[in-house]
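Engineer: Numbering (full-length UniProt numbering), first residue to last: 1 to 217. I'd like to ask some things about the structure below.
Rendered as structure tokens:
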């Protein structure tokens with residue numbers, strides 16, 4: 001592995017309408033990034049033709065610099081198969097290398113799926129892309145801490161409903177570390193790394209308050 005592709009998904013604009021409604025159409029877009037045998041799926045933004053994502057950053061291994069990054073933009077449906085809105089293909093050879101580039105967002109035109117071309121929209125997706133060496137990729141690390149609650153018929157949503165064998169109210173490292181206190185759930189920061197930002201809530205994943213729902217952890 002000679003390089004790592006760092007991807008930051010910012011927003012999309014002027015997407016086609018996939019769901020027709022009496023009071024105006026909409027789409028519920030999400031993006032699938034594919035490189036070789038790797039895939040990453042973004043969160044879905046409900047009912048929005050100009051969706052904005054926040055802190056949606058990830059990395060992909062680059063086995064061959066001659067490869068092309070493929071983006072599939074989909075509309076989520078609850079009662080039927082999802083609709084493909086369009087595609088974007090980005091040759092890796094066109095992406096800036098190293099940490100010293102400008103990091104400016106770039107807009108990429110989207111090739112609409114045939115069923116939406118009659119809408120004559122000019123759909124675009126905005127990204128920040130960087131090709132990094134493995135050493136450059138770890139120059140900045142990002143950590144997550146999750147807040148956990150469980151619902152009960154009597155008490156509603158509360159951390160007090162969590163079972164003794166479940167994750168505690170705060171967890172990190174996919175639940176491997178958890179605590180009743182946020183400060184004790186923070187992952188261990190490697191030596192010589194310094195904070196460049198503060199801890200903050202990320203609400204773009206899940207419902208409008210940022211909660212994700214599942215039968216179990």
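Backbone N, C-alpha and C define an ideal beta-carbon position, used for all residues, glycine too.
Which whole-angstrom value describes the C-beta separation of residue 156 and residue 217, a residue pair presumed to lie in contact below a C-beta threshold of 8 angstroms?
Structural biologist: Taking the Cβ atoms as the reference, residue 156 lies roughly 18 angstroms from residue 217, outside the contact range of under 8 angstroms.
Engineer: Can you list, in chain order, the residues of its chain whose CB lies under 7 angstroms from that of residue 113, leaving out five sequence neighbours each side?
Structural biologist: So the qualifying residues of the chain are 84, 85 and 86.
Engineer: Relative to the alpha-carbon of residue 60, which residue among 207, 93 and 6 has its alpha-carbon at the smallest distance?
Structural biologist: 6
Engineer: Would you verify that the beta carbon of residue 96 is, or is not, closer than 8 angstroms to some beta carbon of chain C?
Structural biologist: No chain C appears in the structure shown, which is made up of a single protein chain.
Engineer: Under a three-way DSSP split, which group does residue 117 fall into?
Structural biologist: helix
Engineer: Quick check: what's the CA-CA separation for residue 76 versus residue 16?
Structural biologist: Rounded to whole angstroms, residue 76 to residue 16 spans 13 angstroms at the Cα level.
Engineer: Select from 88, 130 and 81 the residue whose C-alpha is nearest the C-alpha of residue 105.
Structural biologist: 130
Engineer: Can you look up residue 34 in the DSSP assignment and give me helix, strand or coil?
Structural biologist: Looking at residue 34 - three-state DSSP - the assignment turns out to be strand.
Engineer: Grouping DSSP H, G and I as helix and E and B as strand, with all else coil, what is residue 156?
Structural biologist: In the structure shown, residue 156 falls within a strand segment according to DSSP collapsed to helix, strand and coil.
Engineer: Could you tell me the boundaries of the beta strand (DSSP E) in which residue 12 lies?
Structural biologist: Boundaries of the beta strand (DSSP E) around residue 12: 3 to 13.
Engineer: Is residue 66 helix, strand or coil when you go by DSSP?
Structural biologist: coil
Engineer: Mark residue 181 as exposed unless 16 or more other C-beta atoms lie within 10 angstroms of its C-beta, in which case mark it buried.
Structural biologist: The residue in question, residue 181, is exposed, as its Cβ has fewer than 16 Cβ neighbours within 10 Å.
Engineer: Excluding the five sequence neighbours on either side, which residues of its own chain have a C-beta within less than 6 angstroms of the C-beta of residue 65, listed in chain order?
Structural biologist: If you ignore the 5 residues before and after residue 65, its C-beta comes within less than 6 angstroms of the C-beta of 92, all in its own chain and listed in chain order.
Engineer: What did DSSP end up calling residue 184 once you bin it into helix, strand or coil?
Structural biologist: helix
Engineer: Can you tell me whether residue 92 is helix, strand or coil according to DSSP?
Structural biologist: helix
Engineer: Does at least one heavy atom of the ligand FAD sit under 7 angstroms from the Cβ of residue 74?
Structural biologist: For the ligand FAD, the structure offers nothing, since it holds no ligand at all.
Engineer: Mind the definition here: the segment 30 to 49 touches the segment 152 to 168 only if three or more C-beta pairs lie below 8 angstroms; say whether that holds.
Structural biologist: no
Engineer: Classify residue 16 as helix, strand or coil using the three-state DSSP reduction.
Structural biologist: coil
Engineer: Using the Cβ count rule (16 or more neighbours within 10 Å means buried), how would you classify residue 120?
Structural biologist: Exposed, since its Cβ has fewer than 16 Cβ neighbours within 10 Å.
Engineer: CA-CA distance, residue 9 and residue 51?
Structural biologist: 11 angstroms
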